[in-house]
Structure formats: C-alpha cells, structure tokens
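Residue numbers (the working numbering), protein chains in the order written: chain A, 53 to 527; chain B, 13 to 413. In this text, a Cβ means the ideal position worked out from N, Cα and C, and glycines have one as well. All values derive from a computational prediction rather than experimental measurement.
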Amino acid sequence: MSDHTSILRSPLILGNKSYSDVTEDVALPLDRSPGKEWWMAFAVSSSMLFLGLAAVTYQVMTGIGTWGLNNTVGWAFDITNFVFWIGIGHAGTLISAILFLFRQKWRTSVNRSAEAMTIFAVICAGIFPIIHMGRPWLAFWVVPYPNLRGPLWVNFRSPLVWDMFAIGTYFTISLVFWFVGLIPDLATLRDRTASNIKKKFYGLLSLGWDGSNRTWLRYETVYLLLAGLATPLVVSVHTIVSWDFATSVIPGWHTTIFPPYFVAGAVFSGFAMVLTLMIIARTVLHFEEYITLHHIESMGKIIIATGGMVALAYLTELFVAMYSGNEYERFAFINRMFGPYAWAYWIMVSCNVLSPQLLWLKKVRTNVTLVFLLSLAINVGMWFERFVIITISLTRDYLPASWDVYAPTLIEIATLIGSFGLFLTLFLLFTRILPMIAIGEVKGVLSYGRASHEAPKAEGRYVSAAHERVPGGVR
Amino acid sequence: MAETTYRIQAPASLPVTTEFSPRALRMFLLLVLAGSAFVVSGLALDSPRIWPNLLLAGFYVVGIGLAAGFLVAVSYISNAGWLTAIRRVPEAMASNVYVGGLWMIMLLAGVHSLYEWSHTETVAADALLQKKEFWLNVPFFSVRTIAYAVLWSLFTYLLVHTSRLQDETGEVTLTLRNRAIAAVFTVVFTLTFWIASMDWIMSLEPHWYSTIFGIYNFSGTFTSGVAAVTVAVIALRRRGYLKEFVRDDHLHDLGKLLFAFSTFWMYIWFSQYLLIWYANIPEETAYFLKRETAGWGTFTILVLLFNWVIPFIALMPRSAKRSEGVLLRVSIVVLVGHWIDLFWMILPTFMPGSPSFSIWELGPIVLAAGLVCLVTVRSLTRARLIPVNDPMLLESLTYHS
Numbered sequence: 053m054s055d056h057t058s059i060l061r062s063p064l065i066l067g068n069k070s071y072s073d074v075t076e077d078v079a080l081p082l083d084r085s086p087g088k089e090w091w092m093a094f095a096v097s098s099s100m101l102f103l104g105l106a107a108v109t110y111q112v113m114t115g116i117g118t119w120g121l122n123n124t125v126g127w128a129f130d131i132t133n134f135v136f137w138i139g140i141g142h143a144g145t146l147i148s149a150i151l152f153l154f155r156q157k158w159r160t161s162v163n164r165s166a167e168a169m170t171i172f173a174v175i176c177a178g179i180f181p182i183i184h185m186g187r188p189w190l191a192f193w194v195v196p197y198p199n200l201r202g203p204l205w206v207n208f209r210s211p212l213v214w215d216m217f218a219i220g221t222y223f224t225i226s227l228v229f230w231f232v233g234l235i236p237d238l239a240t241l242r243d244r245t246a247s248n249i250k251k252k253f254y255g256l257l258s259l260g261w262d263g264s265n266r267t268w269l270r271y272e273t274v275y276l277l278l279a280g281l282a283t284p285l286v287v288s289v290h291t292i293v294s295w296d297f298a299t300s301v302i303p304g305w306h307t308t309i310f311p312p313y314f315v316a317g318a319v320f321s322g323f324a325m326v327l328t329l330m331i332i333a334r335t336v337l338h339f340e341e342y343i344t345l346h347h348i349e350s351m352g353k354i355i356i357a358t359g360g361m362v363a364l365a366y367l368t369e370l371f372v373a374m375y376s377g378n379e380y381e382r383f384a385f386i387n388r389m390f391g392p393y394a395w396a397y398w399i400m401v402s403c404n405v406l407s408p409q410l411l412w413l414k415k416v417r418t419n420v421t422l423v424f425l426l427s428l429a430i431n432v433g434m435w436f437e438r439f440v441i442i443t444i445s446l447t448r449d450y451l452p453a454s455w456d457v458y459a460p461t462l463i464e465i466a467t468l469i470g471s472f473g474l475f476l477t478l479f480l481l482f483t484r485i486l487p488m489i490a491i492g493e494v495k496g497v498l499s500y501g502r503a504s505h506e507a508p509k510a511e512g513r514y515v516s517a518a519h520e521r522v523p524g525g526v527r
Numbered sequence: 013m014a015e016t017t018y019r020i021q022a023p024a025s026l027p028v029t030t031e032f033s034p035r036a037l038r039m040f041l042l043l044v045l046a047g048s049a050f051v052v053s054g055l056a057l058d059s060p061r062i063w064p065n066l067l068l069a070g071f072y073v074v075g076i077g078l079a080a081g082f083l084v085a086v087s088y089i090s091n092a093g094w095l096t097a098i099r100r101v102p103e104a105m106a107s108n109v110y111v112g113g114l115w116m117i118m119l120l121a122g123v124h125s126l127y128e129w130s131h132t133e134t135v136a137a138d139a140l141l142q143k144k145e146f147w148l149n150v151p152f153f154s155v156r157t158i159a160y161a162v163l164w165s166l167f168t169y170l171l172v173h174t175s176r177l178q179d180e181t182g183e184v185t186l187t188l189r190n191r192a193i194a195a196v197f198t199v200v201f202t203l204t205f206w207i208a209s210m211d212w213i214m215s216l217e218p219h220w221y222s223t224i225f226g227i228y229n230f231s232g233t234f235t236s237g238v239a240a241v242t243v244a245v246i247a248l249r250r251r252g253y254l255k256e257f258v259r260d261d262h263l264h265d266l267g268k269l270l271f272a273f274s275t276f277w278m279y280i281w282f283s284q285y286l287l288i289w290y291a292n293i294p295e296e297t298a299y300f301l302k303r304e305t306a307g308w309g310t311f312t313i314l315v316l317l318f319n320w321v322i323p324f325i326a327l328m329p330r331s332a333k334r335s336e337g338v339l340l341r342v343s344i345v346v347l348v349g350h351w352i353d354l355f356w357m358i359l360p361t362f363m364p365g366s367p368s369f370s371i372w373e374l375g376p377i378v379l380a381a382g383l384v385c386l387v388t389v390r391s392l393t394r395a396r397l398i399p400v401n402d403p404m405l406l407e408s409l410t411y412h413s
C-alpha cells in the first residue's frame, strides 16, 4: 500500500464502478435463473461425471485388472491424473496466499474462482489414489492410529503416507481460507436477498458478520495469518508428490531437482487452468471490466515465468543425464525422446516449452482468444508431462526382459473424463451459489490507479515533479 | 496510457551525488592490498590450499554482484515499487559482477590445481571422466567461464546504465526499456548461473552429480545478496545518507525477502539431502558421506544453523524485520553463513577428514570483503543515491509494507 500510485499503474477495475455497482454486478447473476448456456454446460459436465461414476463403479466391483497396468507398469493413468489435478489446484493457493503476501492487488478479481478451483481440483485428485487401492472402503487404513488390526501401522518412511498428510492439510487449509474470504461476501448476499431460504442459508454461513471495524480488523488478521500458513503448503504439497517418485531408484524418477520442478510445473498448469476458466467466465458472465486484459496479461507473465522454470528443469535433467555418464540415466532420456512414446514427449515439449514463448509478445498476451488457446495447450502439455515422467520411465526398466508397453483401457479414459465432469460440475454449481468475484476485496482496489491514470500527481513530500506529456511514447 | 509518455523533471532538492570520506575508501583499499599480499604469498607458499579458497571468494564476489543485479531486474519486471528508493544500493553492488567475473577468469590459471578432470593422465585412467570429456575439458571450460563473465557484465551494465540515464533525462520510457533488458537478463542469468555453478563447484567432484545443484546455488547466492544489500542500506542510513528516504517499511520488506529466501535455501538443501539419503545410491551418497565424517559432520550443522535456523527464528516476529539492529545482525549471520556454505561445498575435496582454518582461508576473505566494499562504495559515488526521476519513486517513498 502506498499513499501515491505511480503513473505506470493502470486501473485494476474498469468502467468507473461505484461500490454498489460492484455488488450488483457480481451478485446479479446469482439472482437470475441460469441461462440456456449454463444448463447446456451442466448437462454435458454431469453426463461426463456419470460416465466416470459408472466406470469407477465397474472398476471397484471388478478390480484393478480393468486398467491397462501390468507387472512392469504399475502406475500409469491414475497417478498421472492424480498429479495433474493436484497441480491444477496450486494456482489458487498461489493467487490467494503468495500473491497476497506480495501485495499483488490484481489478484482480487480472480482469487475467489481460483480458490474454488483449487478445492475442486484437490477433490478430483483425491479420487485416484483411493480407487487405486482396489478396496477403497479400507482407505482409512492409511491413517495412523492405534488400532485392532495387529496393531498394523503405516510405514512412516513412505512418501505415500506423507502425501496423505500433505494433501489432507492442503485441502483443509484451502477450504478454511476460501471460506474465511467468503464471509463478508456471504453477508452481502444475505443482506440483499429477498428470499427467506437464501437469507437463512447465507445468514448461517456468514457467521453473524456485521461489517463493523472490529470484525474487519479480525477478519484481516485471520486472512493474513492463513496466507502465511498456506504459503509453505503451496510448496510442500507438490514437493511431497514429487517425492513419491524421486525417492525411488528408477532413472527418470530419481533426480534431486524434482521438488522445485514439480512446484513450478504445478503453478504453471494451475495458471493455465485459471486462464481457461476465467476467460470463459468473463465472456459468458460479462465480467470484462473486472477481469480485464491487464489481469490476463499478468497471468500470462506468470505463465512465462513458471513455464521458463519448467523448461529449465527439462533442460537440467537432460543435461545432467548426459553429464552424469550414467548409462541408465542416459537411456531413460533417449527412450523418452526417441522411444515408443516419443510422441508424448514431443507433445509435452511443444505445449509446455515452445507454445508459452508466444506470450513474450504483448500482442499475444492481450489477445484473449490466443491466450485461451495457449492455456488449453498448456493444460494438455502438463498432463502429458506427468504421463511422460510416470509411465515412460516405467515401461523400460533395468531388465530388458521385463520391458512392456502400456495403453489405457476405456475404463481408465472414462475415469479421466469423469474427473473432468466432477470438476466442471462443481465449478458450475459454484457459479450459481457463491459470488465468483470477491466483492469485498475488489471494493478495496476500486480506486487503484484511477487518479494517476487520468492526471499524474504533482505534489509530494520530496519530489515536486513537473510533468509534461510527450506524444508518441509507449505504455 | 497508450499514446502518451510522461517526462518528469528532476527537482533540485534531492542529493546530487554521494560523497564518502576518503578515510573509508582508504580503509577498503588497505583491505584489498592486505588481502592481495596474503593471496600472493599464499600462492608462493601453499598454493594447493589457496586455490580452493580463491575459488570460494571469487564465486562469493561474483554472486553478490549477480544477486544484486537480479534483485534490480526482478523489481523491474514485476513492477515492484517499494525497492525504488533504495535501488541505487543493489545497482552499485551489481558492479561486483565485473570484478568477480574477472576474478573467475583469472582463476583459470589455477585450473590444474582445482579440477581433477583437467589432468589428461587422470582422465585416461578413469572411464567415467572420459564420458564427461565432451563437457569437462579445459578449452571449453575456459570459453564458458569467459562467456559467463562477459554476458553477466554486459547485462548488469545495461541495467544500471539505463537506470542512471533516467536521472538525467527523466524519460519514463527508460523504465520500460529497463523492463525489457531485465526480462532478457533474467532468462540469460537463469540459463547460465546454474550451469556455471555446476562448472565451477560441482565439477570439483567430477563423479558426483545432482540436478538441483544450480538451484541450490541460486538460493544461497540470492539470500546472501539480499543480506549484503540490507547491510549496505543500514550502514548508509546510519551514516545519514539514506535517512530521509529509507523507512522501516523498506527494512521490513528486505527482512521479509531475507526470511523467505533463507527458508527457500533450506527447502532446497533438504530436498537434495533427503532424496540422496533415501535412494542411497553410492555414486550420490559419496558427496554427503564425505561431509558427514568427523569434523565435517559438525561443520554441516553450522551450515544449517547460519543459513536457516538463526535467520528463521530471529526474523519471525514482525518487529524484528523492522528493527535496524536485528536485521543488521541477521544479515551478517547470513553473509557468514554463505561463506560457510560455500566452504562446505568446495573444501572437503581438498581437506578430507576435518575442516581447518588458517591464514590461507583468511587472505581471500579479506581481499573479497575489501573489494566488495570498495567497488560498491565507488559505484555509489558515480550516481545519485536516489533514482530521482523514476516514476515509481513517489510510491516507494510513501508506501507501507
């Protein structure tokens, strides 16, 4: 926060909104009955969800044999999906916690939806390890507690157990963080709704919020503390996911760069998903004045940065495999690039390394259609990254006699489609029940950059600057 | 704001140049001379011992410069307003890249004393080193070292030069130009630094490899750079130079950075250790085994203590990050810690068994400390202490952390 705003800052919210405009603009879609587009989207996403439910039911009743796994490839599609979904969630926490600590005010327009996305993505991710257990009704066995099964304890040295803790904590903190952020907005909805049922519903959830200075003060303290607590979680969750692989001795899995590399990749893929969803939302719900080109540009820049880190990690792995002189390491990478699954590797490289480079151009960053297409490409690329790491490394291990191929079965593909169905269904329901944009937070940045945008301030304690306009410059 | 540019004229009330007492400069010069004398006599008397220490100190100096330059670059590309009021300090500190780069180039003279792989007879007897010869050979190594130094110096110069130019012309477009330079520098820096740290440090133990090594060195280097900037800012403020401009809010943000990156360093250190410990592959564990035996084991605890435990605990309270005294002490701890960290990475190859400290360790330290102070202070006098025409300045002067 500063008393002055630089002339380089542009307004975050366009259209000279007043406070009540913000409330109306965000809350109005919740009052209207959903349009035809929403119902069509809901029909598609819930059909996908039911397809997935059918597939999972069949798989649980029949067994893991319905998947394409074999003796050599014990982890493939399911764990790929698991890592993919966990990664998607990371952008939400980064926006809500880390960007909050960094005082990035533009986060206010997108944080609510991004956090919702986090929670839904973690739910989707959680399904895969549970169904992979084969007997999901015994899933509670991963929780260590004194029991009558022997007692039978989990192996505390196993990263899979750490994972259970990491993801459990992550989900809890994300949910609490999201809910705390929602409280003032829920109170706004409570106060403006005419329906008695809605008043009860929002009233109950807003925990008696009265909007006084004291409540705001407490709210902001809690929010800051939660941001501080959530920040290490952004890093720890995907770090531990990466340990699931890196603690092994499998070439292509065991490499020390995995923790930061996975975290960067998670944020990269998460931002791509935020862009995909936000671009649709701003168009359909006419939020262009809240989620402006400036927001899309900023997210584009984060994609360049995190994509760059991912590219650097690819390069490091490749270089060190060559440098190490270790023939198994070298083979793992030659196999990735030129082996039977080379197409997957090259899809990964073109989507994750080459395509984001286009975002260096301002013309591309401010072209919504192009950014949307790029975000889709990155989503695809990051799914393939996990497939490349997990599956290809397993198909050809130390003993050529046990080399095998892996292909997903229809059940596995249906499960993946089902997870997308679950994600989209939850997101569509969210757009109907809760405000998609943080009303209270956006009001706080409403005037940001407005004054300096129109006329640069000339007064100041130390600098009494005289400004003159020079034509022909750039932004 | 697409069609217009603002030109801001420099007000006369701001300090024009910074002058330092010749006594301070003389003291730094004396340090440099004393350090050089140590180093020269070390080269004559105990060259196997002095070379690794020269490598350590050279890497330290170039790292301080790079970290300061990287801090400036990141502040430009992320549109960070807060740093503007104190940006001249990291800008001046970035000049250490020239000196440090030159130092690293001069170290090429000691390549045979430092690197096992540079001896043809060793390589001839070692199958693994033969496989690495495409990368680890003296001509290519020298070309790379020179390339790093030249590239880093070029971009540091461009960044600092453009920033200083704005003092005179007041063109806002210069901020935009620097933003572009900073973006390219960030890419160049990340691409070269990790590989430079592998070249200069990791290849001391040429059989060992770790993919995280570059990031590990980045984390340590950047943390020490932030600490060095903090020390300089506080020292200047105490002598009244930046007094009116640097408020506790600036210190607070520097403290947050220090806290965050010290923790980041720990995260990377632990990631490397855990994965190597867990997989337990002899080729990889050799590195840590050497550092866990006898005296080096105790030394490892110092590495963790200085680089993370102390800064983490000391900087946890908000009041500590806003306190000049605490921040200064913690920054010095981190600067010492970075030396310990590098010593821990470099010296076990040359000092198997236990670490020891002699005048041959002290010499390069004195030289490096004198050089960093001298270069930074001289560079500070070359420009205004405040980037008076920076469009972000007003924001920086009035912000609350």
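- Counting the other CB atoms within 10 Å of its CB gives Val245(B) a total of 16 or more, which places it among the buried residues.
- When rounded, the separation of the alpha-carbon atoms in Ile138(A) and Lys268(B) is 28 Å.
- Contacts with chain A (Cβ-Cβ distance below 9 Å) from the stretch 353 to 364 of chain B involve no residue at all.
- Comparing C-alpha distances from Pro211(A) to each of His346(A), Asn163(A), Ile292(A) shows the shortest one belongs to Ile292(A).
- If you draw a 10 Å sphere on the C-beta of Phe223(A), you find 16 or more other C-beta atoms in it, and that means buried.
- DSSP places Pro329(B) outside any alpha helix (DSSP H), giving it a letter other than H or E.
- Boundaries of the alpha helix (DSSP H) harbouring Leu43(B): 34 to 57, taken from the DSSP string.
- With respect to chain A, the C-beta atom of Ser331(B) has no partner C-beta closer than 8 Å.
- Residue contact with chain B for His306(A): present (Cβ-Cβ distance below 8 Å to some residue of chain B).
- Taking 8 Å as the cut-off, the Cβ atoms of Leu68(B) and Leu354(B) count as close.
- In the DSSP assignment, Asn404(A) falls outside any alpha helix (DSSP H), carrying neither H nor E.
- Excluding the 5 residues flanking it on each side, Ile183(A) has same chain C-beta neighbours closer than 8 Å at Val108, Gln111, Val112, Asp130, Thr467, in chain order.
- Note on Glu407(B): 16 or more other CB atoms within 10 angstroms of its CB, so buried under the neighbour-count rule.
- Contiguous alpha helix (DSSP H) elements confined to the stretch 403 to 445 of chain A occur at 414 to 417, 420 to 439, taking only those with 4 or more residues.
- Contact annotation: in the stretch 285 to 319 of chain B, residues whose CB is within less than 7 Å of a CB in chain A are Leu287, Ile288, Tyr290, Ala291, Ile293.
- DSSP places Trp277(B) in the helix class (H, G or I) of the three-state scheme.
- Looking at the backbone, the Cα of Gly322(A) and that of Arg303(B) are separated by about 39 Å.
- Considering only beta carbons, the part of the stretch 354 to 365 of chain A lying closer than 9 Å to chain B consists of Ile356, Ala357, Gly360, Met361, Leu364, Ala365, in chain order.
- Under the three-state reduction of DSSP output, Pro211(A) falls in the helix class.
- Using a Cβ-Cβ cut-off of 9 Å, Ile344(B) is close to nothing in chain A; its nearest Cβ partner there is about 26 Å away.
- Annotated as distal: Leu367(A) and Lys69(A), with beta-carbon spacing of 8 Å or more.
- Ranked by Cα distance from Ser376(A), the first of Ala139(B), Leu397(B), Ser53(B), Pro376(B) is Ala139(B).
- Here the alpha carbons of Met214(B) and Leu317(B) stand approximately 23 Å from one another.
- Where Ser90(B) is concerned, there is no enclosing alpha helix (DSSP H), because DSSP gives it neither an H nor an E.
- With a cutoff of 8 Å on beta-carbon distance, Phe82(B) and Phe201(B) are scored as near each other.
- Only residues of its own chain outside the window of five on either side were considered, and among them Thr418 have a CB closer than 7 Å to the CB of Leu345(A), listed in chain order.
- For a Cβ distance threshold of 9 Å, residue set Met210, Tyr221, Ser222, Thr223, Phe225 of chain B lies close to Val372(A), ordered along the chain.
- By the rule that beta-carbons nearer than 8 Å mark a contact, Glu133(B) does not touch chain A.
- For the pair Gly232(B) and Trp277(B), the CB atoms are nearer than the 8 Å cut-off.
- In this structure the stretch 231 to 247 of chain A touches the stretch 260 to 271 of chain A; the number of beta carbon pairs closer than 8 Å is three or more.
- A Cβ-Cβ separation of about 7 Å places Asn387(A) in contact with Ile444(A) under the 8 Å criterion.
- Per DSSP, reduced to three states, the secondary structure at Val258(B) is coil, with no helix or strand assignment.
- Residue burial annotation: Arg266(A) is exposed, with fewer than 16 other C-beta atoms found within 10 angstroms of its C-beta.
- Taking 9 Å as the cut-off between beta carbons, the residues of the stretch 297 to 327 of chain A near chain B are Ala298, Thr299, Ser300, Val301, His306, Thr307, Thr308, Ile309, Phe310, Pro311, Pro312, Tyr313, in sequence order.
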